């Protein structure tokens with residue numbers, strides 16, 4: 028006997044359900060997709076990244092954590108990043124302040140179950156956000172960070188950092204930190 032799939036939800040239905048839920052779900056193409064909980068290192072690195080960015084963010088830029096949804100209008104996607112930065116006035120979807128439209132920097136800490144999505148389709152979706160310019164992918168199993176930066180011609184430049192002595196520079200924000208500082212909180 029064939030099973031019937033659930034009919035697609037509207038964005039309004041998703042937001043209504045998600046705002047009442049005790050767990051987080053992503054919204055993709057009319058479907059709610061439950062998000063798995065992260066490991067201790069995942070949580071520690073996401074928090075540390077937010078702290079490092081907050082210490083150095085220029086005036087007018089603010090850091091947000093995984094409690095704020097990001098809307099990608101072109102993909103009908105609502106998702107959560109581990110950390111992010113917006114500059115200037117926040118732009119929200121609707122009249123509530125829980126869905127942001129204008130992130131400049133997005134951080135994802137890789138998990139084995141989401142690595143392919145975070146590097147692939149999710150990054151493709153993020154790149155359609157007009158304000159989005161910086162993407163940091165943080166590995167939780169080793170000292171390694173990938174920094175994608177949007178160039179003037181619309182292309183994306185990848186810089187990779189490995190090892191404790193590496194110094195990560197996000198020129199657009201005037202932010203610098205070492206991998207030793209970022210990973211000082213992570214467990215071996």
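In our numbering, the protein residues as written are 28 to 215. Positions of the beta carbon are idealized from the N, C-alpha and C atoms, including for glycine. Treat the numbers as computed from the prediction; the structure is a model and nothing was measured.
About 7 Å separates the beta carbon of residue 41 from that of residue 105, a gap short enough to meet the 8 Å contact definition. Counting only runs of 4+ residues, the alpha helix (DSSP H) found wholly inside the segment 129–177 occupies 142–146, 148–153, in chain order.
Excluding five sequence positions before and after residue 180, none of the CB atoms of its chain fall closer than 8 Å to its own CB. Counting only the Cα atoms, residue 96 lies some 9 Å from residue 53.
As a beta-bridge residue in DSSP terms, residue 189 pairs with 171. CA-CA distance, residue 129 to residue 198, rounds to 19 Å. Judged by beta-carbon spacing, residue 136 lies within the 8 Å limit of residue 167, meaning their Cβ atoms are closer than that value. If only complete runs of 3 or more residues are kept, the segment 70–135 shows the beta strand (DSSP E) at 88–92, 96–99, 104–107, 110–114, in order along the chain. Taking one beta carbon from each stretch, the segment 71–85 and the segment 195–215 have 3 or more pairs nearer than 8 Å; the two touch. No Cβ-Cβ contact shorter than 8 Å links residue 127 with residue 150. Between the alpha carbons of residue 203 and residue 162 lies a distance of about 15 Å. For the 8 Å CB-CB criterion, residue 200 and residue 85 form a contact. Closest in alpha carbon position to residue 196, among 80, 69, 50, 36, is 80. In the three-state scheme derived from DSSP, where H, G and I count as helix and E and B as strand, residue 33 is classed as coil.
Between the alpha carbons of residue 48 and residue 138 lies a gap of roughly 23 Å.
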